[in-house]
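Reading through the structure tokens given below for one structure.
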Amino acid sequence: MGDLELIEKAKKEGIELVFDRYNKQKPLCNFGLNGTCCKNCHQGPCRIIPGKSERGICGVNAETIIARNLVRICASGASSHADHAREMLIALYKIAEKKHNHYSIKDEKKLIFLAKKLGINNRNKEIIAKRLVEEGLEDFRRQEGLYHKKEGDYLNWLKIRANKRLIKKWQRLNILPINSDLETSHALHQTTMGNDADPIHLLLTVLKLGLVDGYSGLVLGSDISDIVFGVPHLVKSTTNFGSLREDSINIIVHGHIPFIGSKIVEWSKKLEKEANGVGAKGINVVGMCCTGSELLMRQGVPFIGHLVQQELAIVTGVADVVVVDIQCIYPSLQDIASCYHTKLITTVDFVRIPGAMHIPFKVEDADISSKLIIREAIKAYTKRGTKIFIPKEKNDVIAGFSVESIKDLFSKINKNNQWQVLVDYLKKGKLKGVVAMVGCTNPKVDNSIHEEITKLLLKNNILVIGTGCWSHVAAQNGLMNMSALKYCGDGLREFLGLLKEKNRVDIPPCWHMGSCVDCGRIGVFFSEISEYLNKDLSSLPFVVSSPAFATEKAFSIASYFLAMGLNVHINPVPPIYGSPKISKFLTQDLEKVIGGRILLGDNAKKAVNEILKIIHSKKLG
Ligand code: NFS
Ligand code: SF4
Numbered sequence: 015m016g017d018l019e020l021i022e023k024a025k026k027e028g029i030e031l032v033f034d035r036y037n038k039q040k041p042l043c044n045f046g047l048n049g050t051c052c053k054n055c056h057q058g059p060c061r062i063i064p065g066k067s068e069r070g071i072c073g074v075n076a077e078t079i080i081a082r083n084l085v086r087i088c089a090s091g092a093s094s095h096a097d098h099a100r101e102m103l104i105a106l107y108k109i110a111e112k113k114h115n116h117y118s119i120k121d122e123k124k125l126i127f128l129a130k131k132l133g134i135n136n137r138n139k140e141i142i143a144k145r146l147v148e149e150g151l152e153d154f155r156r157q158e159g160l161y162h163k164k165e166g167d168y169l170n171w172l173k174i175r176a177n178k179r180l181i182k183k184w185q186r187l188n189i190l191p192i193n194s195d196l197e198t199s200h201a202l203h204q205t206t207m208g209n210d211a212d213p214i215h216l217l218l219t220v221l222k223l224g225l226v227d228g229y230s231g232l233v234l235g236s237d238i239s240d241i242v243f244g245v246p247h248l249v250k251s252t253t254n255f256g257s258l259r260e261d262s263i264n265i266i267v268h269g270h271i272p273f274i275g276s277k278i279v280e281w282s283k284k285l286e287k288e289a290n291g292v293g294a295k296g297i298n299v300v301g302m303c304c305t306g307s308e309l310l311m312r313q314g315v316p317f318i319g320h321l322v323q324q325e326l327a328i329v330t331g332v333a334d335v336v337v338v339d340i341q342c343i344y345p346s347l348q349d350i351a352s353c354y355h356t357k358l359i360t361t362v363d364f365v366r367i368p369g370a371m372h373i374p375f376k377v378e379d380a381d382i383s384s385k386l387i388i389r390e391a392i393k394a395y396t397k398r399g400t401k402i403f404i405p406k407e408k409n410d411v412i413a414g415f416s417v418e419s420i421k422d423l424f425s426k427i428n429k430n431n432q433w434q435v436l437v438d439y440l441k442k443g444k445l446k447g448v449v450a451m452v453g454c455t456n457p458k459v460d461n462s463i464h465e466e467i468t469k470l471l472l473k474n475n476i477l478v479i480g481t482g483c484w485s486h487v488a489a490q491n492g493l494m495n496m497s498a499l500k501y502c503g504d505g506l507r508e509f510l511g512l513l514k515e516k517n518r519v520d521i522p523p524c525w526h527m528g529s530c531v532d533c534g535r536i537g538v539f540f541s542e543i544s545e546y547l548n549k550d551l552s553s554l555p556f557v558v559s560s561p562a563f564a565t566e567k568a569f570s571i572a573s574y575f576l577a578m579g580l581n582v583h584i585n586p587v588p589p590i591y592g593s594p595k596i597s598k599f600l601t602q603d604l605e606k607v608i609g610g611r612i613l614l615g616d617n618a619k620k621a622v623n624e625i626l627k628i629i630h631s632k633k634l635g
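Its first residue numbered 15, the sequence shown is counted upward by one per residue in this note's numbering.
Below, the structure written as structure tokens:
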């Protein structure tokens, strides 16, 4: 797919890549891999060695260390998503204040839909938006549930977006979060030296943090970005490095929040003449990682690479600017950029990379910063070297499968009960289930596992939906266009054919639901079907798989899905192996507590076997 050629090129040019650094780190530390190291205080750090040092200096055992570490992973992941969502809320408030005209409320329908759920009634959309923001921010500051536990003292977004049956279950388990910041800071406190030593209680906190991640991060983040940028609808574009252009100025937008990217797309058209002035044919904006998905599904921008490919984009020699905001940005980008003409630009105050240029980006002066960034790209283009190689491969992609757009597709078959279309196919057994593919790529893993699992699922008549870096791998391998129908079993092909016929649009077998934050859309998708059927989510043939998870966020997303009662395949094995009790609890007993558990499987066949076992045990009808 061109990656190998680029890796070869990097080698020749003496450039160190993520894969080289991974090799230098080998062998990876077993204590870290098994979850049995603790540095939560300075009596240690401590490691658990069976038969030698079974307890840390404070007396804590392996189970507790592992459970505490998982809590901390989830607190970190959840706070990343919650911070993202808060950023969106604050931006929406500024937009609603109308003190500037850089952005506007694009999707009034979504605004009203959410406002109604929150009990907000007004005729003025700006007033509605501001009140909606206040309700969202309440999820970062509510303290009421602390004094006296009352009914309803938990996240507003959970109240309006979660499945009612699940809320009751979470209430019984006492894991309904009061406010996002409180829960993540509480989790850090809970896991310091001398606090919670009960591993099961700690693992329930992992589920609670999954709900924080889900409702004050993922769902909230996607909802607000829909209001500002519009609910995604089906859109066509391209993927792979072949979407870079030698004759044009290439701007790679990398990170997670769609504000910068969308403006750069807009200004790249307006400043085209300036680009022509330096001999470039035009300005080609492409997306990397989750920003790639955000821009793809709303503006049809090509998305060219996932986490472990970000460095390779610069190695092509045609990346004029790489502009980044938050999360998943390898600091090595600057080292590599400095070997070429590439300008790396950071934009968020708390994400700085030594050597990179910093252009602060605020929604209230988005146009100014976008122009500055594009002009940096124009300048950089004039300094392009000759060490250029763009892999040719380029695949077509169909994206934009939001819950709303999926329901639109279904409504052409059943106007009033959209979910019935999917339910009928599941009941008839023509579709066996739905699997959501999520998460990262990882240098530790052969990332073709994404592609292999996906193909096996399609063959087994499973509808595959998904987000994040999975969507890059799937798209790059042609699984998000019509050519992938050849991988589908007959029942799935019939289902997709019916949708195509009734809607008169191409429907590929893998549905791109967006960036990682859009895992919230997956949650809403599953929740709505379970509510429609009035059945527990854990009784339905739905599974989640994260076959190459890398980030803390990916683990907190997994806890969100676990908390919903779904079975979640996670690979590589999360740091739980240091305790047989914890491993057993998470991979077996958890099912009795919440309905779902962690599935393991380090290759596609094993993973799909596990997934199919679950799916076959949960037949509808
Ligand atoms: Ni999500 Fe994985 Fe990062 Fe996006 Fe990719 S690494 S947790 S998919 S880019 S956030
Ligand atoms: Fe060691 Fe306990 Fe301190 Fe952890 S909290 S570093 S196990 S003494």
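Cβ atoms here follow ideal geometry from the backbone N, Cα and C, with glycine treated the same way.
I479 is a Cβ neighbour of C524, given a cutoff of 9 Å.
With respect to G511, L248 sits apart: the two C-beta atoms are not nearer than 9 Å. Chain-ordered, the residues whose CB falls short of 5 Å from any heavy atom of the ligand NFS come out as C303, C304, L321, C342, C454, G482, C483, C530, T565, K567 and A568. The three-state secondary structure of H270, taken from DSSP, is coil. DSSP links C524 through a beta bridge to V478. Contact between the region 89 to 98 and the region 184 to 198 is present, with at least three C-beta pairs closer than 8 Å. In the DSSP assignment, L358 falls within the unbroken beta strand (DSSP E) covering K357 to T360. At a Cβ-Cβ threshold of 9 Å, T219 and V85 count as neighbours. Remark: the shortest separation between the CB of V538 and any heavy atom of the ligand SF4 does not fall under 8 Å. Using a cutoff of 8 Å, the CB of C72 counts as near the ligand SF4, since one of the ligand's heavy atoms is closer than that. With fewer than 16 neighbouring CB atoms inside 10 Å of its own CB, H56 falls in the exposed class.
With distances taken between CA atoms, K178 lies nearest to S544 out of N75, S544 and E624. For V336, there is no enclosing alpha helix (DSSP H); the enclosing beta strand (DSSP E) covers residues V335 to V338.
A176 is the residue among A176, Y107, N170 and V279 whose C-alpha sits nearest the C-alpha of E542.
Remark: fewer than three beta-carbon pairs, one from each stretch, lie closer than 8 Å, so the region 427 to 438 and the region 457 to 468 are not flagged as touching. By the criterion of a C-beta distance shorter than 6 Å, L423 is surrounded in its chain by L513 and N517, once the five residues flanking it on both sides are discounted. Short note on K53: C-beta closer than 8 Å to some heavy atom of the ligand SF4. Taking 9 Å as the cut-off, the Cβ atoms of Q490 and E407 count as close. Residue burial is scored here from C-beta neighbours: Q602 has fewer than 16 other C-beta atoms within 10 angstroms and is therefore classed as exposed.
With contacts defined by Cβ atoms closer than 9 Å, A143 and N135 do not form a contacting pair. Out of M578, P589, K620 and L634, the CA that lies nearest to the CA of G610 is found in M578.
Within 8 Å of the C-beta of Q57 there is at least one heavy atom belonging to the ligand SF4. L234 sits close to W171, with the two beta carbons spaced by under 9 Å. In this structure, the C-beta of I79 approaches the ligand SF4 to less than 8 Å from one of its heavy atoms.
In this chain, I134 is not harboured by any beta strand (DSSP E), its DSSP state being neither H nor E. With respect to the C-alpha of H630, the residue from G447, I420 and K295 having the closest C-alpha is G447.
By the neighbour-count criterion, in which 16 or more other beta carbons inside 10 Å mark a residue as buried, L42 falls on the exposed side. Counting only the Cα atoms, I402 lies some 31 Å from D381.
Judged by their CB atoms, N585 and V557 are not nearer to each other than the 9 Å cut-off. Secondary structure at V365: coil, using DSSP grouped into helix, strand and coil. Going by C-alpha positions, I181 is about 18 Å away from G150.
In this structure A370 is not in contact with L386, their Cβ atoms being roughly 14 Å apart against a cut-off of 8 Å.
About 20 Å separates the Cβ atoms of I328 and V362, ruling out a contact at the 8 Å cut-off.
Rounded to whole angstroms, L225 and Y574 show a C-alpha spacing of 5 Å.
With respect to Q324, L347 sits close: the two C-beta atoms are nearer than 9 Å. Under the three-state reduction of DSSP output, G301 falls in the strand class.
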